[in-house]
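A short worksheet on the structure shown next.
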Amino acid sequence: MTAIDLTCENRLEVNPFVTERKYLRMTEMVGALAQGGFAAQRAEVDLAESLATTDASFSLTHLLNVRNLEQFDKAERHWTKIADVETVDNFEPVTFESFWIDLGDQLKYGKGNKGKAGVSPRVAEGDTYQYTSGYSEENVKAAIEKRGFKYGVTLERLLSRLRPLIRRLPDDMLQIALDTDEFLVFQALQDGATASASVSQLKAGTAPISGASISATAGFSVDALRLGLQQISTRKVNNRKVVLAPRYWVVVAPGLGETVEAEIAKAKQLRTIEEPAPGSKTFVYGAPPVGNLGKIEGVIESEWIESSTAWYVTPAAGTTRRPGLKKLQLSGRTAPEVLVNNFTGTLLRGGNGSSPFDLAHFDNDSVDLKLRQFTNAASITHDQMFWSPGA
């Protein structure tokens with residue numbers, strides 16, 4: 151028989167009190183709870199007794215982690231659309247680096263580059279290669295954070311409401327962990343936008359194509375969207391032009407998404423054609439995406455956007471050369487885990503009859519289940535995004 155990989159390919163920590171035999175027995179009992187009838191009643195009694203008198207809580211939490219890991223990987227998330235993942239090794243602040251800046255700043259004076267382009271200089275026969283100092287540090291640092299909470303389980307709850315607890319607690323804990331990641335990324339987006347307002351906020355100006363006058367605090371409109379994208383393309387980093395990313399997302403608070411999507415969709419399918427007569431126009435529907443509107447991937451409605459009027463345009467994950475939004479994860483601890491927190495009492499090595507679990511006596515007839523996750527997010531650069539307070 152093939153041994154069970156309790157670590158799930160080294161993604162989960164296995165407590166010393168968890169063995170394959172204990173894990174299989176816990177899987178059997180929890181599975182029987184879903185069968186209903188007498189089988190579920192017997193399993194509920196066995197599970198309640200095991201949790202109240204043995205070290206079975208460690209095997210239960212590990213089973214929850216194994217099942218939650220798959221759900222965690224499959225869960226739909228908005229933050230993955232706009233943030234890249236950065237794996238860190240410890241809790242020290244991470245310095246984000248970019249090779250692109252130094253290339254543009256130092257190599258542009260190389261042979262054959264005309265003092266403009268940060269590309270590989272020409273190397274003549276027998277000539278030496280030009281040096282570049284390497285990576286350039288961004289101004290932002292961020293560190294991984296430990297986050298979590300405890301949930302107390304008493305003997306009384308085990309005896310009276312075990313099945314609802316087993317059914318709901320794993321999903322509820324997982325959802326809070328997923329919400330935490332969403333909150334951190336979208337909070338980083340808003341904090342970064344506010345901190346970089348002099349660079350990233352929409353500037354008052356004239357919208358391309360329509361010629362409409364747009365204020366710096368304009369609410370969402372296609373004209374304001376076109377102007378903001380045009381302003382990105384006029385920015386420079388170390389005198390090197392910023393090129394629009396291939397894809398962008400518009401981020402708004404709940405309630406604005408449908409309006410924004412409708413306006414963009416209508417504009418993509420509408421082209422204005424001048425007729426020979428001065429001032430006369432005709433509108434043709436069904437035209438393909440026009441200009442930079444074709445770069446808009448979609449609209450994200452996030453409950454974590456604080457302002458009901460603000461709107462943000464940020465590049466899709468993995469589409470920019472300099473880091474934009476980063477979601478941090480800790481190496482070897484990439485998923486949330488449920489752990490036994492206060493196993494206080496006396497543990498007696500040895501099974502309880504045919505049970506694989508070791509007998510235990512608890513000091514206060516309760517145990518705390520702890521959710522722990524290592525996560526954080528940071529907004530690194532802002533030259534590829536823009537935003538407006540919308541009011």
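If you're matching positions, the sequence shown starts at 151 in the numbering used here and goes up one per residue.
Glycine is no exception: its CB is placed at the ideal position from the N, C-alpha and C atoms.
None of these values were measured; they are calculated from a predicted model.
Handout entry: 7 Å CB neighbourhood of residue 446 in its chain, flanking five on each side removed
Key = 398, 400 and 414
Exercise for the section: For residue 153, name the three-state secondary structure that DSSP assigns. Expected result: coil
Exercise for the section: For residue 402, count neighbouring Cβ atoms within 10 angstroms of its own Cβ and tell me buried if that reaches 16, exposed if not. Expected result: buried
Practice task
Look at the alpha carbon of residue 450 and the alpha carbon of residue 169, and state the distance between them as a whole number of angstroms.
Solution key: 44 Å
Handout entry: Short Cβ contact (8 Å threshold) for residue 331 with residue 229
Key = yes
Handout entry: Contact under 8 Å by Cβ, residue 237 with residue 523
Key = no
Practice task
Determine the DSSP secondary structure at residue 353, reduced to helix, strand or coil.
Solution key: coil
Exercise for the section: Within 10 angstroms of the Cβ of residue 525, are there 16 or more other Cβ atoms? Answer buried if so, exposed if not. Expected result: buried
Problem - C-alpha distance - residue 409 paired with residue 357, whole-angstrom precision - result: 20 Å
Problem - Burial state of residue 154 (16 or more Cβ within 10 Å) - result: exposed
Exercise for the section: Compute the Euclidean distance between the alpha carbons of residue 454 and residue 491, then round it to the nearest angstrom. Expected result: 30 Å
Practice task
Grab the span of the beta strand (DSSP E) containing residue 304 for me, first residue to last.
Solution key: 295 to 304
Problem - For residue 244, the residue or residues it bridges with in DSSP - result: 292
Handout entry: For residue 537, the residue or residues it bridges with in DSSP
Key = 351 and 462
Handout entry: Cβ separation of residue 123 and residue 313, assumed to be a contact under 8 Å, to the nearest whole Å
Key = As shown, the chain starts at 151 and ends at 541. That puts residue 123 outside it, with no answer to give.
Problem - Reference residue 404, options 161, 171, 456 and 363, closest by Cα - result: 456
Handout entry: Backbone CA spacing between residue 530 and residue 175 [nearest angstrom]
Key = 48 Å
Practice task
Measure the alpha-carbon distance for residue 225 versus residue 196 and round it to whole angstroms.
Solution key: 32 Å
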